[in-house]
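Since the structure comes first, as structure tokens, the remarks are kept for the end.
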Amino acid sequence: MRKKLRQVGVMGKELDWFISYLADRQQYVYISGHKSGLLPVRLGVPQGSILGPLLFLIYINDLPEASSLNTKLFADDTALIESDVNMANLEQKINTEFRKICAYFRLNKLSLNPSKTKFIIFSNSQQAQNYDFKLFVNNNNTNKNNPENVFEISRVTDNDIVPAIKYLGVYFDPSLNFKFHIEQISKKLSRALYIMRNARNFINQKTLISLYYALFHCHIIYAIEIWSVSSQSNLNTIVKKQKDAIRLISNSRYNAHTQPLFKTYEILQFKDLCDYFKIKLCQTILQKKYRYH
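Written out as structure tokens, the structure reads:
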């Protein structure tokens, strides 16, 4: 950890303070009134501490330098990305580069759990989707090939129970149609509607609108710029549930026309929310572009 802190500019007394904070710690296990003996903590940071996440980020901040794979880091969520027009070349390259990632983990006394590591192939080519792609966690050192140190990684396909990889709260499926992600949002919206329907007899309309934003609206807008590119047939379930919500807020009939209701209560319809957040994203990208040119 000392070397990692120095790499980000922590020196002198500040460095000594961090080392003192991490050194000579002990831990024990407490179960049903029984306490184990103390053992020294040789690796890791204090769990639940304020500095823990920051120190972890500093520790793995140089992971992208371990290979040529496009590496995306967000806390302890890591995504490795690569592309190629030839599947055989892609398979060979990723396995070669991923072995370097495995070496990085061993060198830094970190553990990569093969059962929690998955990969997915995005392609509109049926040939690519059907390719028998094999990816391995290879914990062998250079020039070693012990099969006990090699673990095959599971591939996510459309036929899986969960046919998508969840990254930062968004489910990415092989076809990038976001159908599974929209299904998960729909379930959350149904639960929110259930709560609102049961609460409306005990709260006033203003509070009900607040409940809408707290339990319903938040699920619609999260990463809407990404998953709203799905087909209209997939999005219709979200549109329908938002209409149910505005009818519930206004205490209208089940078939009441909703456009004037959205206008009355100043709530943006789903289509307008999509346009708003996409425009906002484009504005942010353009501002950053001109700021650095």
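Residue 285 is where the sequence shown starts when you use the working numbering, and the numbers rise one by one after that. Ideal placement from N, C-alpha and C gives every residue a C-beta, glycine not left out. Predicted model, so just to flag it, every value in this text is computed and none were measured.
Whole-angstrom distance between residue j and residue i, CA atom to CA atom
i: Y314; j: L492; result: 44 Å
i: I282; j: L532; result: Summary: the structure shown does not reach residue 282, with the chain confined to residues 285 through 577, and so no result is reported for it.
i: I385; j: L364; result: 10 Å
i: Q516; j: I344; result: 41 Å
i: K418; j: E436; result: 7 Å
i: N392; j: V446; result: 32 Å
i: L306; j: V294; result: 15 Å
i: Q489; j: L545; result: 13 Å
i: L565; j: K524; result: 25 Å
i: R416; j: G317; result: Per the sequence shown, residue 416 should be read as Asp rather than Arg. C-alpha separation (whole angstroms): 52 Å.
i: N424; j: Q413; result: 29 Å
i: R390; j: L335; result: 24 Å
i: S470; j: N397; result: 31 Å
i: T542; j: Y455; result: 30 Å
i: P337; j: M285; result: 14 Å
i: F486; j: A540; result: 23 Å
i: V292; j: S438; result: 35 Å
i: S333; j: T362; result: 22 Å
i: N427; j: H501; result: 55 Å
i: Q571; j: D308; result: 48 Å
i: A350; j: T548; result: 56 Å
Per DSSP, cross-strand counterpart(s) of residue i
i: P439; result: The residue asked about is misnamed: residue 439 is Arg in this sequence, not Pro. Partner(s): F403.
i: T251; result: With the chain represented from 285 up to 577, any question about residue 251 goes unanswered, as that position is not in the structure.
i: P324; result: Q310
i: K319; result: Y314
i: V434; result: N422
Proximity of residue i and residue j at Cβ, strictly below 9 Å
i: V434; j: F420; result: yes
i: I253; j: A448; result: The first residue shown for the chain is 285 and the last is 577, placing residue 253 beyond what the model contains.
i: L452; j: A529; result: no
i: V339; j: F382; result: Here residue 339 turns out to be Leu, not Val, going by the sequence shown. No.
i: W511; j: F462; result: yes
i: L499; j: R475; result: yes
i: S407; j: P458; result: yes
i: Y496; j: I551; result: yes
i: L557; j: I508; result: yes
i: Y312; j: S320; result: yes
i: N422; j: R484; result: no
i: I342; j: L299; result: no
First through last residue of the alpha helix (DSSP H) which encompasses residue i
i: T542; result: No alpha helix (DSSP H) holds T542; DSSP gives it neither H nor E.
i: F389; result: 371-391
i: K471; result: 463-483
i: F302; result: 296-306
i: Y455; result: No alpha helix (DSSP H) contains Y455, which is instead part of the beta strand (DSSP E) from 454-456.
i: Q489; result: 489-496
i: E509; result: 508-511
i: H501; result: Element bounds for H501: n/a, residue is neither H nor E.
i: N414; result: 410-414
i: S459; result: Element bounds for S459: n/a, residue is neither H nor E.
i: Q526; result: 516-534
i: Q291; result: 286-291
N-terminal and C-terminal residue of the beta strand (DSSP E) that residue i is part of
i: A350; result: No beta strand (DSSP E) holds A350; DSSP gives it neither H nor E.
i: I449; result: 449-451
i: N422; result: 420-422
Cβ-Cβ separation, residue j to residue i (assumed contact under 8 Å), whole Å
i: L323; j: Q310; result: 7 Å
i: L357; j: Y388; result: With a Cβ gap of about 13 Å, L357 and Y388 do not count as contacting.
i: I466; j: S514; result: 6 Å
i: F554; j: I479; result: F554 to I479, Cβ: 20 Å. No contact.
i: N354; j: E366; result: 7 Å
Proximity test, Cβ basis, 9 Å: residue i and chain C
i: A507; result: No chain C is present in this structure, which holds just one protein chain.
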